Amino acid sequence: MNRQHPALVWIEFLFVACILSSLVGCESKGCGQRSSSQQLTASPASQKIQHVVIIFQENRTPDNLFHGLPNADIANAGRNSQGQMIPLTPTSLVTPYDLNHSHAGFRTMWDGGNMDGVDKNSVKCFGAPNCPPTNAQFKYVNPSEVAPYFQLAQQYTFCDRMFQTNQGPSFPAHQFIISGTSAPTAHTEACAAENPKGVPNAFVSTGCTAPAGETVAVLDTNGYESTKMYPCFEHATLTDELDAKNISWKYYAPSAGIIWNAPNAIKHVCVPDPTGTLCTGADWTNHVILNQTQVLTDVANGALPSVSWVIPTAQASDHPQKNTGLGPSWVASVVNAIGNSSYWSNTAILITWDDWGGWYDHVAPPIISSYEYGFRVPLIVVSPYAKAGFVSHQTHDFGSILKFIEESFGLATLGYADANADDLSDCFNFQQTPLVFQPVAARYDAAYFLSHKLPAEGPDDD
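Just so you know, our numbering puts 1292 at position 70 of the sequence shown, and the rest follows in order with no gaps.
And the structure:
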């Protein structure tokens, strides 16, 4: 059989995908690059929204986390690599195993758009008996364990065509959520594609303060992880544009060096000290809050900034194997704090998950470059101006969140994933009577998280 070189197959597919795609055409230049910066026109959000809070959870798909959600496109079964239809079966939010969700894992599961390769992805068990279970990837979380998520999704807007922008794991995904790219520099089309590796504890001491010898795989425009580099990048971020207009922002995270702390990997934000072990930059010192629960006290004290990123501890993250079931309560505590405060009247809370985590999902993502898009992740839009009980079927990605912020605060586009993304406008009705906040029922409240100090750790991924 005459087989084409894999790179040629990938390039040919991208060419066809560009022709067929009506989403963004062929303007993507690689790793989020779209066009030069330009000023956005004012949107209705700019008249109503004064605060945006991004709650960034971990490693779930709509099929896995929102099984049975009314009016949403959620599958009950999925196809494996043998062509068999495998029923999705229930499991706990807490599992004793993790699933491969690397860039290579994306390619395997995606299988040229057939969405039938997830069973070929590896499963990593952590000493539990009878692990992994049969068809470990074909699972959905018991809805009773994530009732706060269902309440929010059914009261406000749920998006069932939200895609993570990148085709890989947490480290690059967290770069995309603050800048729309994981490019090492502003003038490259390459992407940092994986989580960092190379030294022990790479997941808790990474970015611009990582030990020498730590590297991250870089994907070229042909789809190959052809090079590796130290995981410290230098390009514009949304926080730069917020700074330029004196718009307040905070990035709440449990610790400095975890792969979920995106500012740590941006050199001009971190500004490593001479030892290379501490960030010392003004942005880091003034805006990166190494205590995720401070978002709760900031709301209570009238100190919520205009834009916030809220990053959980591992226990409250929903990350398979690492979480302890606290995620739904953690998210509910943040939403309830805002909803029961004066901030509710002018806030948009955007709850999403950083990557698919290796779980089955049946919707093939649009492919616009060698690293975009990845698989679906849930998105819940919570606001007095969110459409009530609405399911959005419009394509969104992390760039949509950035664009919504840009339009809300009159910022220029970064020229990355934000430039051609939609702006979430189908999720809002700024002419409606503002929705009255209804408290979210959850097992644990804000007092629990403020009084129980959780270990400040991130994931233990491969």
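Beta carbons are placed, not taken as given, at the ideal position from N, Cα and C, and that holds for glycine.
Keep in mind the model is a prediction, meaning the values are calculated, not measured.
Endpoints, alpha helix (DSSP H) assigned at residue i
{"i": "Tyr1670", "result": "1668 to 1673"}
{"i": "Glu1463", "result": "1460 to 1466"}
{"i": "Trp1471", "result": "Element bounds for Trp1471: not the alpha helix (DSSP H) but the beta strand (DSSP E), 1471 to 1474."}
{"i": "Glu1411", "result": "No alpha helix (DSSP H) holds Glu1411; DSSP gives it neither H nor E."}
{"i": "Ser1404", "result": "Per DSSP, Ser1404 belongs to no alpha helix (DSSP H) and is neither H nor E."}
{"i": "Thr1507", "result": "1504 to 1509"}
{"i": "Ala1434", "result": "Note, Ala1434: premise wrong, no alpha helix (DSSP H); not H, not E."}
{"i": "Leu1518", "result": "1516 to 1522"}
{"i": "Cys1492", "result": "1489 to 1492"}
{"i": "Ala1267", "result": "1267 to 1270"}
8 angstroms contact criterion, which residue i and residue j should meet: CB distance rounded
{"i": "Glu1629", "j": "Ala1267", "result": "6 angstroms"}
{"i": "Val1585", "j": "Cys1649", "result": "Contact flag wrong, Cβ pair sits at about 18 angstroms."}
{"i": "Gln1377", "j": "Ala1610", "result": "7 angstroms"}
{"i": "Pro1391", "j": "Ala1414", "result": "With a Cβ gap of about 11 angstroms, Pro1391 and Ala1414 do not count as contacting."}
{"i": "Thr1428", "j": "Met1451", "result": "Thr1428 to Met1451, Cβ: 13 angstroms. No contact."}
{"i": "Trp1575", "j": "Ile1533", "result": "With 8 angstroms as the limit, Trp1575 and Ile1533 do not qualify as a contact, their Cβ atoms being about 12 angstroms apart."}
{"i": "Val1553", "j": "Pro1370", "result": "6 angstroms"}
{"i": "Glu1416", "j": "Ser1324", "result": "6 angstroms"}
{"i": "Thr1617", "j": "Phe1385", "result": "7 angstroms"}
{"i": "Pro1318", "j": "Phe1348", "result": "6 angstroms"}
{"i": "Leu1287", "j": "Phe1380", "result": "Incorrect: roughly 11 angstroms between the Cβ atoms, too far for contact."}
{"i": "Asp1505", "j": "Asp1465", "result": "7 angstroms"}
{"i": "Ala1641", "j": "Arg1256", "result": "3 angstroms"}
{"i": "Pro1181", "j": "Asp1320", "result": "The chain is shown from 1223 up to 1684; residue 1181 falls before or after that span and cannot be answered."}
{"i": "Ala1358", "j": "Val1345", "result": "5 angstroms"}
8 angstroms Cβ shell around residue i - same chain, five flanking residues per side excluded
{"i": "Ile1271", "result": "Asn1568, Thr1569, Ala1570, Ser1605, Tyr1607, Ser1630"}
{"i": "Ser1206", "result": "Nothing can be reported for residue 1206, as the shown portion of the chain is limited to 1223 through 1684."}
{"i": "Thr1431", "result": "Ala1478, Gly1479, Asn1486, Cys1492, Pro1494, Gly1498, Thr1499, Leu1500, Cys1501"}
Own chain, CB closer than 7 angstroms to residue i, minus 5 neighbours either side, in chain order
{"i": "Leu1460", "result": "Ile1400, Ser1401, Leu1624, Ile1627, Leu1636"}
{"i": "Asp1442", "result": "Ala1412, Ser1448"}
{"i": "Ala1299", "result": "Met1307, Ile1308, Pro1309, Leu1310"}
{"i": "Ser1539", "result": "Gln1279, Glu1280, Asn1545, Gly1549"}
{"i": "Pro1284", "result": "Ala1294, Ile1296, Asp1382, Asp1583, Arg1598, Pro1600"}
{"i": "Ala1458", "result": "Ser1401, Ala1408, Leu1636"}
{"i": "His1273", "result": "Leu1526, Ser1528, Tyr1565, Asn1568, Thr1569"}
{"i": "Gly1327", "result": "Asn1343, Gly1580"}
{"i": "Asp1645", "result": "Ser1265, Ser1622, Lys1625, Phe1626, Glu1629"}
{"i": "Lys1675", "result": "none"}
{"i": "Ser1404", "result": "Cys1253, Asn1388, Pro1394, Gln1397, Phe1398, Cys1413, Ala1414"}
{"i": "Gln1654", "result": "Tyr1607"}
Classification of residue i by the beta-carbon crowding that lies within 10 angstroms, buried from 16 upward
{"i": "Thr1507", "result": "exposed"}
{"i": "Val1658", "result": "exposed"}
{"i": "Lys1544", "result": "buried"}
{"i": "Thr1497", "result": "exposed"}
{"i": "Gly1334", "result": "exposed"}
{"i": "Ser1591", "result": "buried"}
{"i": "Ser1314", "result": "exposed"}
{"i": "Ser1366", "result": "exposed"}
{"i": "Phe1360", "result": "buried"}
{"i": "Gly1435", "result": "exposed"}
{"i": "Gly1561", "result": "buried"}
{"i": "Asn1558", "result": "buried"}
{"i": "Thr1356", "result": "exposed"}
{"i": "Val1246", "result": "The predicted position of Val1246 is uncertain, since its pLDDT is 37 and thus under 50; a value taken from the coordinates is nonetheless stated next. Burial call: buried."}
{"i": "Ser1673", "result": "exposed"}
{"i": "His1615", "result": "exposed"}
{"i": "Ala1744", "result": "This structure cannot settle anything about residue 1744, because the visible part of the chain is limited to 1223 through 1684."}
{"i": "Gly1339", "result": "buried"}
Terminal residues of the beta strand (DSSP E) in which residue i lies
{"i": "Phe1612", "result": "1612 to 1614"}
{"i": "Thr1379", "result": "1379 to 1381"}
{"i": "Val1438", "result": "1438 to 1441"}
{"i": "Thr1428", "result": "Unbroken run through Thr1428: none, as it is neither H nor E."}
{"i": "Ser1448", "result": "1447 to 1451"}
Contact set for residue i: own chain, Cβ-Cβ below 6 angstroms, skip 5 residues either direction
{"i": "Trp1531", "result": "Ile1276, Tyr1473"}
{"i": "Phe1652", "result": "Pro1266, Lys1270, Tyr1607"}
{"i": "Ala1484", "result": "His1396, Gln1397, Ile1400"}
{"i": "Lys1489", "result": "Cys1430, Cys1454, Glu1456"}
{"i": "Ser1647", "result": "none"}
Beta carbon proximity, residue i to chain C, threshold 8 angstroms
{"i": "Ala1504", "result": "As a matter of chain content, chain C is missing from the structure shown, which is built from one protein chain."}
Heavy atom of the ligand ADP within 7 angstroms of residue i beta-carbon
{"i": "Gly1632", "result": "As far as ligands go, the structure on display features none, and thus does not contain the ligand ADP."}
Checklist entry - Along the chain, which unbroken stretches of the beta strand (DSSP E) at least 3 residues long are found entirely within the stretch 1531 to 1600? => result Within the stretch 1531 to 1600, the complete beta strand (DSSP E) segments of 3 residues or longer fall at 1569 to 1575, listed in chain order.
Item to check | Every unbroken beta strand (DSSP E) within the stretch 1279 to 1365, with a cutoff of 3 residues, ordered by chain | outcome: 1299 to 1301, 1307 to 1309, 1311 to 1313, 1319 to 1321, 1345 to 1347, 1361 to 1363
Checklist entry - Fully enclosed by the stretch 1599 to 1664, which alpha helix (DSSP H) runs are 4 residues long or longer? => result 1620 to 1631
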